[in-house]
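Visitor: As they're listed, the protein sequences go chains A and B.
Residue numbering for the first sequence follows our numbering, starting at 1 and increasing by one per position.
Residue numbering for the second sequence follows our numbering, starting at 1 and increasing by one per position.
C-beta atoms are modelled at their ideal positions from N, C-alpha and C, and glycine is treated no differently.
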Amino acid sequence: MHLLIFLPCRLEQFLLAVKIRWYYNIGRGPVCSTDEEIATAFEEEHGGIRTAISEGLFPFFLKQDDVGTERDLATVFIEFGAALTSIDSVRFSVTECIKGNDIQEKRSCDSLVGALNGIFANGYTSHEDLDRQNGYVNEATFSRRTHRAEQNTSPTTRIFIPTNNEERKHHNGRRKQLAMYLQNNSQYELITPSQILIKDDPFATTNIIEGHGTHLYLQKHRFITREDGLDEIFVTYFNLLKRKYTDCRVYSRMI
Amino acid sequence: MESCGPITINVGGTTFTTSPTTLINHSSYFLALLSGTWGDDADEIFVDQDPVPFAVLLAYMRRGNIKVDDITTDVLTLAEFLG
Chain A
1 MHLLIFLPCR
11 LEQFLLAVKI
21 RWYYNIGRGP
31 VCSTDEEIAT
41 AFEEEHGGIR
51 TAISEGLFPF
61 FLKQDDVGTE
71 RDLATVFIEF
81 GAALTSIDSV
91 RFSVTECIKG
101 NDIQEKRSCD
111 SLVGALNGIF
121 ANGYTSHEDL
131 DRQNGYVNEA
141 TFSRRTHRAE
151 QNTSPTTRIF
161 IPTNNEERKH
171 HNGRRKQLAM
181 YLQNNSQYEL
191 ITPSQILIKD
201 DPFATTNIIE
211 GHGTHLYLQK
221 HRFITREDGL
231 DEIFVTYFNL
241 LKRKYTDCRV
251 YSRMI
Chain B
1 MESCGPITIN
11 VGGTTFTTSP
21 TTLINHSSYF
31 LALLSGTWGD
41 DADEIFVDQD
51 PVPFAVLLAY
61 MRRGNIKVDD
71 ITTDVLTLAE
81 FLG
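Written out as structure tokens, the structure reads:
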């Protein structure tokens, strides 16, 4: 007779991990808190693995459903409470909508660069192209996905060796950072991420007023990519900027 | 069978040699199959399943992890069967 050792069956653990990955990839996982809750929810919704396969859902086990996956949203918009008569009176609000919950006030910023840098630092990357016809001018919404597998420390999430594509995404954790170049005849001004406070407060910015070394400063700090198109979104802000400055441009870098 | 030496299983015509503990620690199917009176005079166990997904699951049982790219619908269906 064999000596039977009753350990937790690892194929069961594998099947649990399959259900977690699958349910999450379909876009439903983040609403559950435990592995078992996710597996139960997956079975209740899809009737188990065989049924999910017969429903044609297997591709979503392999790759996340880009359309159906729940996303967190962050929106940057101009505060319209004050009279927008000069650029100095403009402020930006950042709101977040986490996992479809109510919108939460997040932050008020005095510069567009600070507001956008702040949300990029919080993992928002994809610009959601909203329908401008419905009055969305002067605001931009970005989305992010909650990567549950990376946050969860349970053994079931360590079963899968990720695909090459997932591996690439995981290591490509770089984010965009913006700086604004402003010129008023012979005077140059930069709004850049705060070099001192950036680790603690990604929304923080520094205003630098320089002479002709402005371009060198941007190049030295790798702000070399022109970010066109923001002026089409934040029309009010850029119109006010153009009243005060003869030239204004936004540059980005990846950090 | 007194020893815990390697055993040979024939899955759909393809033979696999492995440790019995690898199978019984990971699969309730093999736990039931290899317990009781099995083994005293059997040279080989026949399992009427597809050998290709079985090879993937046996590798998982040995290593403890599995490449997402290796998982097919057949692998998942067999995993449920062997669970």
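What's the gap between the Cα of glutamate 259 of chain A and the Cα of valine 250 of chain A?
Guide: Given that chain A is displayed from residue 1 to residue 255, the structure contains no residue 259 of chain A and the question cannot be resolved.
Visitor: Is cysteine 262 of chain A near leucine 116 of chain A, with beta carbons less than 7 Å apart?
Guide: Since the first residue of chain A shown is 1 and the last is 255, residue 262 of chain A is not available in this structure.
Visitor: Mind reading off the beta-carbon distance from threonine 205 of chain A to threonine 192 of chain A? Whole number of angstroms is fine, and I expect it under 8 Å.
Guide: Correct: roughly 6 Å between the Cβ atoms.
Visitor: Should isoleucine 161 of chain A be flagged as near chain B, meaning a C-beta pair shorter than 7 Å?
Guide: For isoleucine 161 of chain A, the answer is yes, since a Cβ of chain B falls inside 7 Å of its Cβ.
Visitor: Within its chain, find whatever has a CB closer than 7 Å to the CB of alanine 83 of chain A; leave out the 5 residues flanking it on each side and keep chain order.
Guide: Ser89, listed in sequence order.
Visitor: If we ignore side chains and look at the alpha-carbon of each, how far apart do leucine 76 of chain B and glycine 5 of chain B end up?
Guide: Whole-angstrom Cα-Cα distance: 29 Å.
Visitor: With respect to the alpha helix (DSSP H) encompassing lysine 242 of chain A, which residues constitute its N-terminal and C-terminal limits?
Guide: Counting along the chain, the alpha helix (DSSP H) containing lysine 242 of chain A begins and ends at 235-244.
Visitor: Using the Cβ count rule (16 or more neighbours within 10 Å means buried), how would you classify lysine 19 of chain A?
Guide: Label assigned to lysine 19 of chain A: buried.
Visitor: How would you list, in chain order, the residues of chain A whose beta-carbon sits under 8 Å from the beta-carbon of isoleucine 66 of chain B?
Guide: Within 8 Å Cβ-Cβ: Phe14, Ile159, Phe160 and Ile161.
Visitor: List, in chain order, every chain A residue whose beta-carbon is nearer than 9 Å to that of glycine 83 of chain B.
Guide: In chain order: Cys9, Leu11, Glu12, Phe14 and Leu15.
Visitor: Buried or exposed for lysine 220 of chain A, going by 16 or more other Cβ atoms inside 10 Å?
Guide: It is exposed - the Cβ of lysine 220 of chain A has fewer than 16 other Cβ atoms within 10 Å.
Visitor: Taking 6 Å as the limit between beta carbons, can you name the residues of its chain near methionine 61 of chain B, skipping five residues before and five after?
Guide: Taken in chain order, the residues that qualify are Thr22 and His26.
Visitor: Counting only beta-carbon atoms, is isoleucine 26 of chain A nearer than 7 Å to chain B?
Guide: No, its Cβ sits nowhere closer than 7 Å to a Cβ of chain B.
Visitor: Compare the C-alpha of asparagine 184 of chain A against each of A:Lys242, A:Leu178 and A:Asn138 and name the closest.
Guide: Comparing Cα positions, the closest option is A:Lys242.
Visitor: Going along the chain, which residues of its own chain have a beta-carbon closer than 6 Å to the beta-carbon of isoleucine 87 of chain A, five neighbours each way excluded?
Guide: Correct list, in chain order: Leu240, Leu241 and Lys244.
Visitor: At least one CB of chain A closer than 7 Å to the CB of glycine 27 of chain B: is that the case?
Guide: Note that residue 27 of chain B is serine in the sequence shown here, rather than glycine. Chain A contact via Cβ: present.
Visitor: Since phenylalanine 58 of chain A meets chain B, which of its residues come closer than 7 Å, beta carbon to beta carbon?
Guide: Result: Thr73.
Visitor: Can you tell me which of B:Ile24, B:Leu31, B:Asp74 and B:Asp69 puts its alpha carbon nearest to the alpha carbon of leucine 256 of chain A?
Guide: Because chain A spans 1 through 255 in this model, residue 256 of chain A falls outside it and cannot be assessed.
Visitor: Say whether chain B places a C-beta atom closer than 7 Å to the C-beta of isoleucine 78 of chain A.
Guide: No, isoleucine 78 of chain A does not count as interfacial toward chain B.
Visitor: Counting contacts by CB-CB distance shorter than 7 Å, is isoleucine 20 of chain A in contact with chain B?
Guide: Not one chain B Cβ lies under 7 Å of isoleucine 20 of chain A.
Visitor: Between isoleucine 71 of chain B and phenylalanine 54 of chain B, what straight-line distance do the alpha-carbon atoms span, to the nearest angstrom?
Guide: So the alpha carbons of these two residues sit roughly 11 Å apart.
Visitor: Let's test the definition: count the other Cβ atoms within 10 Å of the Cβ of leucine 216 of chain A and tell me whether it reaches 16, buried, or not, exposed.
Guide: The residue in question, leucine 216 of chain A, is exposed, as its Cβ has fewer than 16 Cβ neighbours within 10 Å.
Visitor: If we count the other Cβ atoms within 10 Å of its Cβ and call it buried at 16 or more, is asparagine 65 of chain B buried or exposed?
Guide: Exposed, because fewer than 16 other Cβ atoms sit within 10 Å of the Cβ of asparagine 65 of chain B.
Visitor: For glutamate 36 of chain A and arginine 107 of chain A, what's the separation of their Cα atoms in angstroms?
Guide: Roughly 36 Å between the two C-alpha positions.
Visitor: Below 8 Å on the Cβ atoms is my guess for tyrosine 124 of chain A versus serine 93 of chain A; work out the distance and round it to an integer in Å.
Guide: Not confirmed; about 15 Å, so no contact.
Visitor: Going by alpha carbons, who is nearest to proline 202 of chain A out of A:Leu178, A:Phe160 and A:Arg158?
Guide: Ranking A:Leu178, A:Phe160 and A:Arg158 by Cα distance to proline 202 of chain A puts A:Leu178 first.
Visitor: Measure from the alpha carbon of threonine 256 of chain A to the alpha carbon of each residue in A:Ala52, A:Leu182 and A:Phe58, then state which is nearest.
Guide: The structure shown does not extend to residue 256 of chain A, since chain A spans only 1 to 255, so no value can be given for it.
Visitor: Tell me whether asparagine 25 of chain A is buried or exposed, calling it buried when 16 or more other Cβ atoms sit within 10 Å of its Cβ.
Guide: Label assigned to asparagine 25 of chain A: buried.
Visitor: Are any of the Cβ atoms in chain B nearer than 7 Å to that of isoleucine 103 of chain A?
Guide: It does not; no Cβ of chain B falls within 7 Å.
Visitor: Report the option in A:Arg21, A:Thr51, A:Glu139 and A:Ala52 whose CA atom is closest to the CA atom of isoleucine 38 of chain A.
Guide: Of the listed residues, the one whose Cα sits closest to isoleucine 38 of chain A is A:Arg21.
Visitor: Hey, how far is the Cα of threonine 281 of chain A from the Cα of aspartate 231 of chain A?
Guide: Because chain A here runs from 1 to 255, residue 281 of chain A falls outside it and cannot be looked at.
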